[in-house]
Amino acid sequence: MNASALPRRSGVLLMLAFAAAAVLHADRAPPWAVGVAVLALVWQWLHQRGRLALPGTVPRALIAIALLLGTVASYRTISGLAAGSTLLLVMGAAKLLEIRQPRDARVVALAALGLLLAACLDRQSLQRVPLYLLAGWLCMGALTALGGGAPSLTARRALATAGRTLLIALPFALLCFVFVPRLPGALWSLPASGNAQRGLGDEMTPGGISQLSTSEDVAFRVRFDGPAPPMSQRYWRGPVLHDFDGETWRRGRSAVAQPFEPLSAAVQYHLMLEPTGHNFLFGLDTIARITGPRNFPRFDGQVIASRSITSAIAYDGVSYLRVRALTPLSLTGRRLDTQLPGQRNPRARALARQLRAEVGSDRDYVQQVLRYFHDAGFEYSHTPPLLGADSVDDLVFRTRLGFCGHFASAYVTMMRAVGIPARVVTGYLGGAWNPLGGYYVVRQSDAHAWAEVWLEDAGWLRVDPTAVVAPERLERGVNELLESGASLTGRLFVHSPWLRDLRNAWDATAAWWQQRVVDYNQAAQRGLLDRLGLDDVDYARLALILLAGALLWGAWVYTRAPRAAVAQADALGQLWLGFIALLQRRGLTIAAHEGPHTISRRAATHLPALAQPIREFAERYVDWRFGTAAALPPAAVLRRMRRELRRLARATRAAHRSPAR
Amino acid sequence: MNQRMLRWALRRQGPDALPLRLAPRRIYILPTRAGWTFALLIAAMFIAGMNYGNGLALLLAFWLAGFALVAMIRTQRSLAGAQLLRAATSPAFAGDCVLVSLEIQSPLAAEDLQVTAQDLDGVEPAPSSSHTDLRLLQLRFHARKRGRWRAPVMHLQTSAPFGLFRTWTWLALDVSSVVYPRPQGERRVPEAPGSDGGSKRLAGSLDELAGLRSWREGDSPRQVAWKAYARGAPLLVREYQGHTAATPQFDYSLLKDGDREARLSQLSRWVVDAAAQNQSWTLRLPGDALHGHGPEHRRRCLEKLALFDMEPAP
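Protein chains in written order, with this note's numbering: chain A, 1 to 661; chain B, 1001 to 1314.
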């Protein structure tokens, strides 16, 4: 194949479309697959410039087999979203090297559309939407360029046509989106796509959380029913950790759940969780129940979903800020939460025993250690030095510089050292109010760790050692606290109200998008229809609404579709005839042989007051009929000329009558 | 199947007369291959979006479905309402091609309109004229036998502007042409009796007046009998006759051997050659004699030969 099978214009568009679709997967697909796509694009580009021949049949077949094997080797399967996308990506790239007729090119364009679909299934966040729009537009532009054979159809014209058609199609899409009935649940589940896990994990090394504090990613958004608790009370419970090996805290094996009774009013909230890749759900402090996705509470109050959170979900929660245990701590629970690793941290343990001896009760000891933390000159730092094997000893006696995880770890260790059951709770603290969205947004930088201790007369009690080291943390976010350590963007937002407003607006839009568009499900549909005054609609009425709307839209599309331009050509002629008739009514005699120029000149002398509009009208007619425009006048021009003619008729009527009176 | 559908469609749309406006009811539309694939893709998006409760995928599916619907309407509209203004044919010699030209008023580019027929030989779309919306589509048909040639049912199709749908109509136009006998044969023109040497003369010169005939396109104004016209007679042309002895006589009855077709081919050869040399000639067929010169005379002679001994057109 020497000459390229596809015209340059569609070739360029096709490559752009495929490149845009490939970009959507560039960060998730294996690097070799991205490389293959880039290579194929460069090859086809060089081919179009006449520099390189496309591979022959045999090499092409070998390439295709190698790519299939490569995909299988990468994923051990070709089903599932990730493997499927990669396969589509590399096979589309291979097809790009095999374009011998327009049909092959169309296959590539459709593969690019398929990649767009896969991307939509994978990630739906608002910031990716412009990318999706661009890719979709380019794909449709490429299809359009491949569809028409007219040489006047340049890449630009094809893109314009596709864009206009997409705009015309948008009302139909919105209509269907709102009114097509949704399924109550999934018919089959999406195989886990190996999403990266982010945010809090289910184990903690004391320094781990400080890495999160540089991230401005949204962890979740919360809307309270009723007044929100103050910031210092908004402890969002995540993984509760029991097992300590001296360095890392891990979730413990199951013990018996401790029943409790609330001592304060219930707090109800709606929480919109961003995908985490983990299976735990977050809730305020002591979680009574969570309704939404299937879930179950663990013995330590943490709530586990039945499935990993790979896409954004929303659920309702009920929590209490103050509770009291109803039963004594179970033996297994006591054993789990009092164990310490072998001989680690001897000095801290000795300190703990010494402090315990100074006070009379466990309750006093809890306060005594907090006091010690406060008086010993600990400092809150975003970038604490590394700790050795005896991490608690190191913190307490050497560095005295730590982040929330360090203090929680040290505090729990010192509790356990004297036999008081204690555990580390990780999660988030606080959340910033977004006035535009009417919700609190909790970011990864709000990640926090605190302690819970068991007191015989009260049950589990929340103690936050960070609060005594850096009390301001409870009132403000990390970024305001740690000038040097927090992320640059985080600090920027603190100091610029304007930027903060902007971020709030963006975040509110993103939340709206997630809630109203991506998660538009049966319940949301019913809610929207209720608000539209269409309560209690059944499928038949929905179908009727859809049909009526689609017909209206179809009629609109039908009337504005360009058609054989006979009517318009006549329209121009009729306008001119109307003009002549008008002049004749106003007393101008016009011979059949007179051309537009002569007529307009004589009319201008006949009606000198209107010389200007007459000349303009005639010129416009001449331009469109005989000029270089080489096209029929668009409807807008015809409308304008009709208007001018009417105005002329009115003006001449006045001019015609006034001398008579 | 296809034939039955064609018969049904032709019965439905009735006979075609020019100028022909392509009414919507005679226009058919179906997705192209790319269109079916596109539909499959949309279905996949819809099912995936529905199943996973993924609003974005659903929105995309609906959007593309809307795009396809717009494409369908626009493709149909690009043919519906188009006007077939003229259908012209040019005569051809047997063995050559009859050229059918269709003049269509349409917003589509000529490249996007395809006209085909079942026994087609080739399509030649010509570029549209620049100032108007007229498109000239040309189609060649093999002319195998002399006689009157009738255009078969033609198929006018387009898949513009998106290539997702193709829309078509069948044109059963009453278009005919004449296929001349193929010029063939090496025989010499037989000498007319009483010939005195065969000096060649230029047509229409100092020959004697043969009579008057009615005016036809292509006649020189100098030949018009203006005096007769002034007296109120129709436009007449003076017809001259070259020197009778010098004018070649192409006489069917003088060709003794060979069958009818071979003889007609020989006559055709002579007529074509004589016309090429700008001669006058007389063609004699049983019961008929044509004298004259020039392209018009050539056309009449060839047509006579083409239709010789054929049943009259129904």
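Even glycine gets a Cβ: it sits at the ideal position worked out from N, Cα and C.
Proximity test, Cβ basis, 8 Å: residue i and chain A
| i | result |
| --- | --- |
| T1037(B) | yes |
| R1074(B) | yes |
| Y1229(B) | no |
| V1070(B) | yes |
| Y1028(B) | no |
| R1077(B) | yes |
| N1278(B) | no |
| P1295(B) | no |
| W1063(B) | yes |
| L1102(B) | no |
| P1161(B) | yes |
| P1181(B) | no |
| N1002(B) | no |
| A1275(B) | no |
| F1141(B) | no |
| G1053(B) | yes |
| M1310(B) | no |
| M1050(B) | yes |
Element boundaries [beta strand (DSSP E), containing residue i]
| i | result |
| --- | --- |
| Q1249(B) | Q1249 to D1251 |
| A348(A) | Run containing A348(A): none in the beta strand (DSSP E); it sits in the alpha helix (DSSP H), P346 to E358. |
| D1257(B) | Where D1257(B) is concerned, there is no enclosing beta strand (DSSP E), given that its DSSP letter is neither H nor E. |
| Q268(A) | V267 to L273 |
| Q1223(B) | Segment: none, Q1223(B) is in no beta strand (DSSP E) and carries neither H nor E. |
| W1168(B) | F1165 to L1171 |
Assumed close pair residue i, residue j - CB separation to whole angstroms, cut-off 8 Å
| i | j | result |
| --- | --- | --- |
| P1152(B) | A1117(B) | 5 Å |
| H707(A) | L429(A) | Since the first residue shown for chain A is 1 and the last is 661, residue 707(A) is missing from the structure and cannot be characterised. |
| L1137(B) | L1113(B) | 6 Å |
| V1237(B) | R1213(B) | 6 Å |
| V90(A) | L14(A) | With 8 Å as the limit, V90(A) and L14(A) do not qualify as a contact, their Cβ atoms being about 17 Å apart. |
| L1307(B) | G1185(B) | Actually they do not touch by this definition, with Cβ atoms about 19 Å apart. |
Residue i at chain B interface by Cβ criterion, 8 Å
| i | result |
| --- | --- |
| D104(A) | no |
| I545(A) | no |
| A266(A) | no |
| L183(A) | yes |
| F315(A) | Checking the sequence, you will find Tyr at residue 315(A) rather than Phe. Not closer than 8 Å to any Cβ of chain B, the Cβ of Y315(A) fails to qualify, so no. |
| T144(A) | yes |
| A173(A) | yes |
| F18(A) | no |
| T165(A) | yes |
| D519(A) | yes |
| G527(A) | no |
| A511(A) | no |
| G160(A) | The amino acid occupying residue 160(A) in the given sequence is Ala; Gly does not appear at that position. So, not an interface residue. |
| I168(A) | yes |
| G573(A) | no |
| F378(A) | no |
| G292(A) | no |
Unbroken alpha helix (DSSP H) run spanning residue i, endpoints
| i | result |
| --- | --- |
| M1005(B) | N1002 to Q1013 |
| A1082(B) | Careful: A1082(B) lies outside any alpha helix (DSSP H) and carries neither H nor E. |
| Q44(A) | P31 to Q48 |
| F373(A) | D362 to D375 |
| L334(A) | It is worth fixing the name first, because residue 334(A) is Arg in this sequence and not Leu. R334(A) -> alpha helix (DSSP H) spans L331 to L336. |
| A1094(B) | Unbroken run through A1094(B): none, as it is neither H nor E. |
| Q1114(B) | Premise fails: Q1114(B) lies in the beta strand (DSSP E), L1113 to A1117, not in any alpha helix (DSSP H). |
Given 8 Å, three or more beta-carbon pairs between the region 328 to 344 of chain A and the region 240 to 260 of chain A: By the Cβ rule, the region 328 to 344 of chain A counts as touching the region 240 to 260 of chain A, because three or more pairs are nearer than 8 Å.
In chain order, each alpha helix (DSSP H) run of at least 4 residues that lies wholly inside the region 394 to 480 of chain A: Runs found: 404 to 417 and 465 to 469.
Three or more C-beta pairs below 8 Å linking the region 275 to 283 of chain A and the region 227 to 238 of chain A: In this structure the region 275 to 283 of chain A touches the region 227 to 238 of chain A; the number of beta carbon pairs closer than 8 Å is three or more.
Cβ contact check for the region 397 to 412 of chain A and the region 221 to 232 of chain A: 3 or more pairs under 8 Å: The region 397 to 412 of chain A, when compared against the region 221 to 232 of chain A, does not touch it at the 8 Å Cβ threshold.
Sufficient close CB pairs (3 or more, under 8 Å) joining the region 1062 to 1072 of chain B to the region 167 to 178 of chain A: Touching, yes.
Segment contact flag, the region 80 to 97 of chain A with the region 108 to 122 of chain A, C-beta cutoff 8 Å, min 3 pairs: Result yes; three or more Cβ-Cβ pairs closer than 8 Å.
Contained beta strand (DSSP E) runs [length at least 3] in the region 1020 to 1056 of chain B, N- to C-terminal order: Correct list: 1028 to 1031.
Completely contained alpha helix (DSSP H) runs for the region 41 to 94 of chain A, where each covers 4 or more residues: Listed in chain order, they are 57 to 75.
Start-end ranges of the alpha helix (DSSP H) lying completely within the region 538 to 565 of chain A, minimum 4 residues: Those alpha helix (DSSP H) runs which fall completely within the region 538 to 565 of chain A and span 4+ residues are 539 to 560.
4-residue-minimum alpha helix (DSSP H) runs that sit fully inside the region 595 to 646 of chain A, ordered along the chain: Considered as a whole, the region 595 to 646 of chain A harbours 596 to 606 and 611 to 626 as its complete alpha helix (DSSP H) runs of no fewer than 4 residues, in chain order.
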